[in-house]
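Participant:
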Amino acid sequence: MNLPAFTELKRNLKKDYSSLPVIKLGIIGDCATQHIAVALRGWGYEKGLNFDIFDSDYNQIDAQTMDPASELYTHGCAYVAVVNCTDKLYMRYCETPLENRKDFAQTVCESITAVWSRISANSKSRIIQFNFPVWDDRIFGDFGAKTVDSFVYQTRKLNCLLAEKSGEYKNVFICDIEGIQSRVGESALRDNKMFCIAKMPFRTDILPVIAKSVTDIVLSAEGKIKKCVVLDLDNTLWGGVVGDDGTDGIQIGELGTGHAFTHFQLWLKELKNRGIILCVCSKNNEENAKDPFINHPEMVLRLEDISVFVANWQDKAGNIRYIRDVLNIGMDSMVFLDDNPFEREAVRSLIPDITVPELPENPEEYVDFLRAEGLFGTASYSKEDHMRTDQYRAEAERVSLQSKCTDYDDYLQSLEMVAEAKPFDTYHFPRIAQLTQRSNQFNLRTVRYTEQEIEDIANDDNYITLYFTLKDKFGDHGLISAVIMEKREDCLFVNTYLMSCRVLKRGMEEFIINTMVETARDAGYKKVVGEYIKTPKNAMVADIYEKLGFTPNGDNTFTADTDNFKFNKTHIQKGDI
Amino acid sequence: MNEIYERLNQVFADVFDEDITVNASTTADDIEDWDSLTHITLISAIEEEFGMKFSMKEVVGMNNVGELADIVAARRKR
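Chains as they are written, first to last, in my numbering: chain A, 1 to 577; chain B, 1001 to 1078.
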């Protein structure tokens, strides 16, 4: 990607940062870091961040981290960048006795992790550790690559050790300078004379790339991450137009031009594996659009990889808003990929918060372009994160997720469900009546009521009524259940117990039963009696009373003893919604 | 040589973010912001502008813009 030149970033320093959020950042290094600080502050402006930087003097890593009263600590850094350079590493290697060189990486790693420990002990700063661009002294030729004592071997090992150790320190992130060098090349990264005369380990023209890396780490750690990619189909995911060419006519697969799209799909699948949600937004009819996902033998992505699939002839911005609503995520966490510049521009202008990369014209360049954009940084990758992604998918495919979750209780717990139980009121008469008319499956006696009848029951002292609403962290399900109980001489009789199947098997059935019994008890009733009246559609609730703690009476009625009722476990909090 | 000075003026303007006209006798003392930090930036920008590289000796040894321009004239590729 084309980054602004260093001089442009430097000019940004004169601009007005006052409205931008401040991020305090310290830089310590065993080399000159002033230019890094300038580039970082300048790039921060581009990304809407006001980096308030404490840039320590040359070679102050130990001094700044050992003294609890150092400027580094008093600056109150949210982040500390630790810049170690390969030039210094080589000097240290050369001073290391030959017999100790096989342990060189280990020794250096220990001194670097000691710095991390000191920073962590004295501050709450997150640490951004620069790893080492590999510089091969070629003393052994290629034999160095297999020789434990060589500098190149030890440098590579050191980078691996730092990666490993950073996993143990929650607060440490690696700025992958080695990775940058492998992309741009050694001569693009360093300039020997600059290190000699100014102790600068990097060329000035590579500094914007490094500043972007550091900033991306900060943004990820601050939660500014991408969660979802919305994909166009024709000429984006495959070559050709499926509506015209047919599934067997599109370009995808090992041979020829199709390989570019296969490679792109493999890359997208990896994104999905790491927790990025993939969605489709295509101007197509749905059947045509889905056909390659189902029937083309060489498609990498399949329907189950797509969380929300939208194919119609509506405008894409509207469809993207729909996808956003289904997933319940921020528009700024979404990326839209489309080969058509007009669609891109339309979406960009209608939805300013979404990211719409200028995909290159040639599909074989898609992956390299997106790699360089670096959109998909993250600050964590853990089991919990993976579960969180699963939960996003659950929002679109709740039912299929439920069968996948190994520990269903954990899943329910994580939904943070809150339900409310209230007597029927004027506002809800229409919805309650509608539920009694439409509910067929989860409906114990299938008594239909009109709105007026519901109102009459609500105002009749011979009835106790309850409606239930449910919300979870994904959103509000609204009113999903109604219960009508008749006051009889020796018991409360459940005239109506129904629930929307949308919220089946989430603990709501239990919650309702518990509330029924509790309400009866509080009203002074010793018994609650429920009845199941069989219809062609309500077999699913035939044994619900018995399952949830009622005693069968043998005539399709069931009784609960309110004083000795064993309340069912649920993960639903009772609350005011 | 005039063309070199014209392009140098542009590079200086770019690096110092102000209109600057340099001549053969201009030195770091003549430009307020010309410190060691900016010197590095300037050298890099000139290298990029003219598609050439200074040696370390040249960077350390040049006393004024005139000497700098002479090196550029002798070595530039474009």
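Built from N, CA and C at the ideal position, the CB exists for glycine as well.
Alpha carbon to alpha carbon, how far is Glu8 (chain A) from Ile1046 (chain B)?
Facilitator: Using only the alpha carbons, I get a separation of about 15 Å.
Participant: Just to check my reading of the structure: Ala1069 (chain B) and Ile1004 (chain B) have Cβ atoms closer than 8 Å, yes? What is that Cβ distance to the nearest angstrom?
Facilitator: With a Cβ gap of about 5 Å, Ala1069 (chain B) and Ile1004 (chain B) count as contacting.
Participant: Does chain A have any CB closer than 8 Å to the CB of Leu1037 (chain B)?
Facilitator: Yes, Leu1037 (chain B) counts as interfacial toward chain A.
Participant: Answer with yes or no whether the minimum CB distance from Arg388 (chain A) to chain B is below 8 Å.
Facilitator: Because the pLDDT at Arg388 (chain A) is just 46, under 50, the model does not fix this residue reliably, and the value given afterwards should be weighed accordingly. No, because no Cβ of chain B sits closer than 8 Å to the Cβ of Arg388 (chain A).
Participant: In whole angstroms, what is the alpha-carbon distance linking Met299 (chain A) and Val229 (chain A)?
Facilitator: C-alpha separation (whole angstroms): 18 Å.
Participant: So Val308 (chain A) packs on Cys279 (chain A), CB below 8 Å; how close in whole Å?
Facilitator: At roughly 4 Å, the Cβ-Cβ gap stays under 8 Å, so Val308 (chain A) and Cys279 (chain A) are in contact.
Participant: Please go through the same chain and pick out, in chain order, the residues whose beta-carbon is closer than 7 Å to the beta-carbon of Phe51 (chain A), but skip the five residues on each side of it.
Facilitator: Excluding sequence neighbours, Phe51 (chain A) sits near Ile23, Leu25, Leu40, Arg41 and Gly44.
Participant: If we count Cβ pairs, one from each stretch, closer than 8 Å, do we get three or more for the stretch 212–219 of chain A versus the stretch 1050–1067 of chain B?
Facilitator: The answer is no - the stretch 1050–1067 of chain B does not touch the stretch 212–219 of chain A, with fewer than three Cβ pairs under 8 Å.
Participant: Just mark His209 (chain A) as buried or exposed, buried being the case when its beta carbon has 16 or more other beta carbons within 10 Å.
Facilitator: Contrary to the premise, residue 209 (chain A) reads as Val rather than His in this sequence. Buried.
Participant: With three or more beta-carbon pairs closer than 8 Å as the criterion, would you say the stretch 238–253 of chain A touches the stretch 281–300 of chain A?
Facilitator: Because the criterion of three Cβ pairs below 8 Å is met, the stretch 238–253 of chain A and the stretch 281–300 of chain A touch.
Participant: Using a C-beta to C-beta distance shorter than 8 Å, which residues of chain A count as neighbours of Asp1030 (chain B)?
Facilitator: Going along chain A, no residue has its Cβ under 8 Å from Asp1030 (chain B), so there is no contact; the nearest lies around 20 Å.
Participant: Would you mind giving the Cβ-Cβ distance between Val494 (chain A) and Ile512 (chain A), rounded to the nearest angstrom? I have them listed as a contact below 8 Å.
Facilitator: In fact, because the Cβ distance is near 10 Å, the residues do not count as touching under 8 Å.
Participant: Can you tell me where the beta strand (DSSP E) with Gln573 (chain A) in it begins and where it stops?
Facilitator: Segment Ile572 to Lys574, the beta strand (DSSP E) holding Gln573 (chain A).
Participant: Whole angstroms is fine: what's the gap from Ala211 (chain A)'s alpha carbon to Leu370 (chain A)'s?
Facilitator: Each residue's alpha carbon lies about 18 Å from the other.
Participant: Can you tell me which residues form a DSSP beta bridge with Met499 (chain A)?
Facilitator: Paired residue(s): A:Ser481.
Participant: Identify, in the order they occur along the chain, each residue of the same chain with its Cβ nearer than 6 Å to the Cβ of Leu161 (chain A), setting aside the five sequence neighbours on each side.
Facilitator: The answer, listed in chain order, is Ala105 and Cys109.
Participant: Just curious, the beta strand (DSSP E) that Asp472 (chain A) is in, first and last residue?
Facilitator: Residues Tyr463 to Asp472.
Participant: Can you list, in chain order, the residues of the stretch 22–36 of chain A whose Cβ is nearer than 8 Å to any Cβ on chain B?
Facilitator: Within the stretch 22–36 of chain A, the residues whose Cβ lies closer than 8 Å to some Cβ of chain B are Gln34 and His35, listed in chain order.
Participant: Restricting to runs no shorter than 3 residues, where is the beta strand (DSSP E) found entirely within the stretch 156–189 of chain A?
Facilitator: List check, beta strand (DSSP E) in window: 172–175.
Participant: So, helix, strand or coil for Asn568 (chain A), using DSSP?
Facilitator: Coil at Asn568 (chain A), not helix or strand.
Participant: Report the residue ranges of all beta strand (DSSP E) runs contained in full by the stretch 299–341 of chain A; include only those spanning at least 3 residues, in chain order.
Facilitator: Segments of the beta strand (DSSP E) lying fully in the stretch 299–341 of chain A: 306–312 and 334–337.
Participant: Do you know whose CA, among B:Asn1064, B:Arg1076, B:Gly1066 and B:His1039, lies nearest Lys1053 (chain B)'s CA?
Facilitator: Comparing Cα-Cα distances from Lys1053 (chain B) to each of B:Asn1064, B:Arg1076, B:Gly1066 and B:His1039, the minimum goes to B:Arg1076.
Participant: Closer than 7 Å: is that where the CB of Glu364 (chain A) sits relative to any heavy atom of the ligand PLP?
Facilitator: Because no ligand of any kind appears in the structure shown, any question about the ligand PLP cannot be addressed here.
Participant: How close, in whole Å, do the beta carbons of Ile119 (chain A) and Ile127 (chain A) come, if the pair is a contact with beta carbons under 8 Å?
Facilitator: That pair is a contact at about 6 Å.
Participant: Counting only beta-carbon atoms, is Asp1014 (chain B) nearer than 8 Å to chain A?
Facilitator: By this cut-off, Asp1014 (chain B) is an interface position.
Participant: I'd like to know whether the C-beta atoms of Cys31 (chain A) and Met194 (chain A) end up nearer to each other than 8 Å.
Facilitator: Contact flag unset, no.
Participant: Using a Cβ-Cβ cutoff of less than 6 Å, which residues in the same chain neighbour Ser70 (chain A) once the five nearest sequence positions on both sides are dropped?
Facilitator: For Ser70 (chain A), where only same-chain residues beyond five positions count, the Cβ hits under 6 Å are Gln64.
Participant: Going by beta carbon distance, what residues of the same chain come within less than 8 Å of Gln441 (chain A), once the five residues before and after it are set aside?
Facilitator: Hits under 8 Å: Cys501, Lys537, Asn538, Met540 and Val541.
Participant: Does any residue of chain B have a CB that is nearer than 8 Å to the CB of Asp648 (chain A)?
Facilitator: What is shown of chain A runs 1 to 577, which leaves residue 648 (chain A) out entirely.
Participant: Which of helix, strand or coil does DSSP assign to Val447 (chain A)?
Facilitator: Three-state result, Val447 (chain A): coil.
Participant: Residue range of the alpha helix (DSSP H) that Leu408 (chain A) falls in?
Facilitator: The sequence shown places Tyr at residue 408 (chain A), not Leu. Here the alpha helix (DSSP H) through Tyr408 (chain A) covers Tyr408 to Ser414.
Participant: For Glu384 (chain A), would you say it is in contact with chain B, using Cβ-to-Cβ distances shorter than 8 Å as the test?
Facilitator: Reliability fails at Glu384 (chain A), whose pLDDT of 38 lies under 50, so the model's placement of it is uncertain and no value is given.
Participant: Taking the straight line between their C-alpha atoms, what separation do you get for Asp425 (chain A) and Thr450 (chain A)?
Facilitator: Roughly 15 Å between the two C-alpha positions.
Participant: Quick check: Ile454 (chain A) and Ala433 (chain A), are their CB atoms within less than 8 Å of each other?
Facilitator: Result yes, Cβ atoms of Ile454 (chain A) and Ala433 (chain A) sit closer than 8 Å.
Participant: Nearest-angstrom Cα distance between Ala458 (chain A) and Gly478 (chain A)?
Facilitator: If I take the Cα positions, the gap works out to 20 Å.
Participant: Thinking C-beta only, is Met499 (chain A) closer than 8 Å to Leu492 (chain A)?
Facilitator: For Leu492 (chain A) and Met499 (chain A), no; Cβs fall outside 8 Å.
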